[in-house]
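S.K.: Quick one: the structure is below, questions incoming.
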Amino acid sequence: MSSYAQLPVLEQAILTLSALVLLSSFALLAQSRVIATIKTFAIQGMLLTAGTLLVAADSGERQLYISALLTLLLKVIFIPWLLIRQSRKLGILRDLDTVIRPGFLLLGASAMVIFCYSVAQPIERFAAGITRDAIALSLAVVMLSMLMLITRRKAITQVVAFMTLENGLFFAAVTTTQGMPMVVELGVAFDVLVAAIIFGIFFFHIRDSIETLDVNQLSRLSEADE
Amino acid sequence: MADRLSLLAWLLALLQTLLFIALAPLFSGWVKRMKCYLQNRQPPGWWQPYRDLRRLLSKDLVISHTASPIFRITPYIVCGTAILAASVIPFIVINVPIGSMADAIVLVGVFALGRFFVALAGMDVGTSFGGMGSSREMTVAALAEPAMLLVLFTLAMVAGSTNLATIVTHTLGEPLVLRPSLLFSLAALILVSIAETGRVPVDNPATHLELTMIHEAMILEYSGRHLGLIEYSSQIKLMIYAVLIANLFFPWGIAQSTTPLELTTALAAVLAKLGLLGMLLALVESVVAKMRIFRVPTFLAVAFTIALVGMLSAIILEAGA
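Chain order of the listed sequences is A and B. Everything in the first sequence is counted per this note's numbering, starting at 250 for the first residue and increasing by one. Everything in the second sequence is counted per this note's numbering, starting at 792 for the first residue and increasing by one.
Right under this line is the structure:
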């Protein structure tokens, strides 16, 4: 145990931030109000930015500063702003999405974290330093956002879950390999951006055709009602 | 010589416990005072909690005809367990002889004993409110206790011992370490403390509003001396949780030896920490609305999850590195 105390403070800070990212994933999972979900997503983006900056300072990689800046611009400012604007237009900003049995959901999520840890254990042997612990955590973030994707009923919270999934992948890339190549990273960033915009248009189409954003309505044909 | 030393240590432990239970009403008075300032009300005097206790202790008892002996002995048991728990906690000095007899798990057990008897007494008289309060209290306790234990286990894993004194010494001995596990444990312990001491988002200690009360519903039938003892023990309990938060996570300033200078610094440090915590508690109680009773299990599930994540990060992040 005492070996943790001997790590440099910077690496301790990175590990603490990665634990906080995981915590924000839990918060997203339990959050039922649309506006709170979007805000938590922005907070997770902020934590990611801080984590990326710390990794950049720790490793001295210049390009990580750029990806931190990209994260800040896209995930903290632009996408939350876009989502809030759209949900205000759709009039669902203060709506509640149903979270089914939040207590059980959180316990299931904890079990998933343990599962991710045991899955990541063999990988740890090949990686060195702080990166090996971060793999388990980023995998957990990805799994938790998948859990969020399948438990949500509203299209807009599902989109947030999808973006969180990308956060997990990004975090894994930053902590384990000091970031993906810049071209890939730029590509992914713009993919997410375009996805956000396309989803936005899609929201309006879903609402126009079925008059709600509840995706449960999509599971059967409308003629079957009559 | 050794006998005299141990006698001195016991004397010190006794004095520390006396000081602890003497300060407990002052602490809850302080929280009330801060709340009054925040809500633009005229606060009561500093000695008001003591005056209330004296008034209750000198009043006559009114006991229901259907009450069994359990109803009569419960206040003494509750107060006794609270004082016992107060004597175990490192307050000013770390190494007191009683600390080596009771560790963190005993502490949780002692709390559970007191709670068990309050719940029994709530059902004893047979009023519907008492039974409702007991049922709610047990619901809260069944969820809060595992979270509390997880927090203590995480601390024990970091320090390598469940003894509270050893945990504090371990934190003091380390250089400044940023541990995610302790961060989460702190957050979980704060949530658990709010639930266990019946403060605002979970329960409201200042109201007897029928449908929302938990703790007040159980003790509705008590009067006079008995009520005084129960109120006193809930003040001690609030103080215990505050001292746990202050001294387990921010132990700096606590006395490691028994020189007068160190004891004075330790007292000043712990008072400053408690004052700050009281202010924070008052702030939270003023800005947060009380939640529906059906939301409390979710609140505690969040506490449990945070505690679990804390423990996991102790295993994943800190042990592996």
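Ideal Cβ placement from N, Cα and C applies to all residues, glycine included.
Would you mind stating whether Ala279 of chain A and Pro351 of chain A have Cβ atoms separated by less than 8 Å?
M.R.: Closer than 8 Å, so yes.
S.K.: For Trp1043 of chain B, tell me which candidate among B:Ala1057, B:Thr1049, B:Ile1031 has the shortest Cα-Cα distance.
M.R.: With distances taken between Cα atoms, Trp1043 of chain B lies closest to B:Ala1057.
S.K.: Would you kindly work out how many angstroms separate the C-alpha atoms of Gly1101 of chain B and Ser972 of chain B, rounded to a whole number?
M.R.: Spanning the two alpha carbons is a distance of roughly 4 Å.
S.K.: How about Thr1089 of chain B: is its C-beta nearer than 8 Å to some C-beta of chain A?
M.R.: True, the Cβ-Cβ gap to chain A drops below 8 Å.
S.K.: Which residues in the same chain have their Cβ closer than 7 Å to the Cβ of Glu1076 of chain B, if we skip the five residues on either side of it in sequence?
M.R.: Cβ within range, chain order: Lys826, Arg990, Val991.
S.K.: Please state whether DSSP places Val884 of chain B in a helix, a strand or coil.
M.R.: Three-state result, Val884 of chain B: strand.
S.K.: Tell me which residue opens and which closes the alpha helix (DSSP H) that Lys338 of chain A is part of.
M.R.: Residues 328-339.
S.K.: Near Leu331 of chain A, what residues of its chain come up, given a Cβ to Cβ distance below 8 Å and the 5 sequence neighbours on each side ignored?
M.R.: Answer for Leu331 of chain A: Ala445, Ile446, Gly449, listed in chain order.
S.K.: On a CA-only basis, which of A:Thr298, A:Leu271, A:Ala299, A:Asp307 is nearest Pro257 of chain A? Give me that one, please.
M.R.: It is A:Asp307.
S.K.: Only counting the same chain, and skipping five residues up and downstream in sequence, which positions put a Cβ closer than 7 Å to that of Lys1028 of chain B?
M.R.: Within the same chain, Lys1028 of chain B has close Cβ partners Ala873, Thr988.
S.K.: Using a Cβ cut-off of 9 Å, which residues of the segment 1077-1111 of chain B contact any Cβ in chain A, in chain order?
M.R.: Correct list: Pro1088, Thr1089, Leu1091, Ala1092, Val1093, Phe1095, Thr1096, Ile1097, Leu1099, Val1100, Gly1101, Leu1103, Ser1104, Ala1105, Ile1106, Ile1107, Leu1108, Glu1109, Ala1110, Gly1111.
S.K.: At a Cβ threshold of 8 Å, is Ser359 of chain A touching chain B?
M.R.: Taking Cβ atoms only, chain B reaches closer than 8 Å to Ser359 of chain A, which makes this a yes.
S.K.: Mapping DSSP to helix, strand and coil, what is Ala1186 of chain B?
M.R.: With chain B covering only 792 through 1112, there is no way to say anything about residue 1186 of chain B.
S.K.: Smallest Cα separation from Leu1018 of chain B: which of B:Gln839, B:Val869, B:Ala876?
M.R.: Of the candidates B:Gln839, B:Val869, B:Ala876, the one whose C-alpha sits nearest the C-alpha of Leu1018 of chain B is B:Val869.
S.K.: How far does the alpha helix (DSSP H) with Pro840 of chain B in it extend, from its first residue to its last?
M.R.: It spans 839-849 - the alpha helix (DSSP H) in which Pro840 of chain B sits, taken as one unbroken run.
S.K.: Measure the CB-CB distance between Ile1021 of chain B and Tyr1032 of chain B and report whether it falls below 8 Å.
M.R.: Contact: no.
S.K.: Taking 8 Å as the threshold (C-beta atoms), are Leu814 of chain B and Met1030 of chain B in contact?
M.R.: Yes; because the gap between Cβ atoms is below 8 Å, this pair is in contact.
S.K.: Between which residues of its own chain and Thr406 of chain A is the CB-CB distance below 8 Å, once the five residues before and five after are set aside?
M.R.: Hits under 8 Å: Val283, Thr286, Asp346, Met397.
S.K.: Anything in the segment 952-977 of chain B with a Cβ closer than 9 Å to a Cβ of chain A? List those residues in chain order, please.
M.R.: Taking 9 Å as the Cβ-Cβ cut-off against chain A, the residues of the segment 952-977 of chain B that qualify are Glu965, Pro966, Leu967, Val968, Leu969, Arg970, Pro971, Ser972, Leu974, Phe975.
S.K.: Let me make sure I understand the geometry here. Which of B:Leu1068, B:Val931, B:Thr1003 has the alpha-carbon closest to that of Leu1091 of chain B?
M.R.: Among B:Leu1068, B:Val931, B:Thr1003, the Cα nearest to that of Leu1091 of chain B belongs to B:Val931.
S.K.: Taking DSSP's pairing of strands, which residues face Lys403 of chain A in a bridge?
M.R.: Paired residues: A:Asp463.
S.K.: What three-state label does DSSP hand Leu345 of chain A in the structure shown?
M.R.: It is a strand residue.
S.K.: When you compare only the Cα positions, how much space is there between Asn465 of chain A and Met395 of chain A?
M.R.: Asn465 of chain A and Met395 of chain A: Cα-Cα distance of roughly 17 Å.
S.K.: What did DSSP end up calling Ala912 of chain B once you bin it into helix, strand or coil?
M.R.: Ala912 of chain B: helix per DSSP, three-state reduction.
S.K.: Looking at C-beta atoms only, is the number of pairs between the segment 875-885 of chain B and the segment 920-929 of chain B that lie closer than 8 Å three or more?
M.R.: No: fewer than three Cβ pairs fall under 8 Å.
S.K.: Can you tell me whether DSSP reads Arg282 of chain A as helix, strand or coil?
M.R.: In the structure shown, Arg282 of chain A sits in a strand (DSSP, three-state: E or B).
S.K.: Taking 8 Å as the CB-CB cut-off, is Pro351 of chain A touching chain B?
M.R.: Cβ-Cβ to chain B under 8 Å: yes for Pro351 of chain A.
S.K.: So with CB distances below 7 Å, who are the chain B contacts of Ala279 of chain A?
M.R.: The contacting residues are Val1093.
S.K.: Between the segment 385-396 of chain A and chain B, which residues of the former have CB atoms less than 8 Å from a CB of the latter, in chain order?
M.R.: If the cut-off is 8 Å between Cβ atoms, the segment 385-396 of chain A has Ala385, Leu386 near chain B.
S.K.: Express the C-alpha separation of Ala978 of chain B and Ala938 of chain B in angstroms, rounding to a whole number.
M.R.: Ala938 of chain B and Ala978 of chain B: Cα-Cα distance of roughly 11 Å.
S.K.: Report yes if the CB atom of Ala876 of chain B is closer than 8 Å to the CB atom of Phe908 of chain B, and no otherwise.
M.R.: Result no, Cβ atoms of Ala876 of chain B and Phe908 of chain B do not sit closer than 8 Å.
S.K.: In chain B, what lies closer than 7 Å to Gln261 of chain A by C-beta?
M.R.: Within chain B, the residues near Gln261 of chain A are Val968, Leu969.
S.K.: Can a CB atom of chain B be found closer than 8 Å to the CB of Tyr366 of chain A?
M.R.: Interface residue, yes.
S.K.: Can you check whether the CB of Leu386 of chain A is closer than 8 Å to the CB of Leu271 of chain A?
M.R.: Yes, they are a contact pair.
S.K.: What residues from chain B crowd round Thr265 of chain A, counting only those whose CB sits closer than 7 Å?
M.R.: Simply Leu969, Pro971, Leu974.
S.K.: Per DSSP, what are the beta-bridge partners of Ala1046 of chain B in this structure?
M.R.: The partner list for Ala1046 of chain B (beta bridge, DSSP) reads B:Val884.
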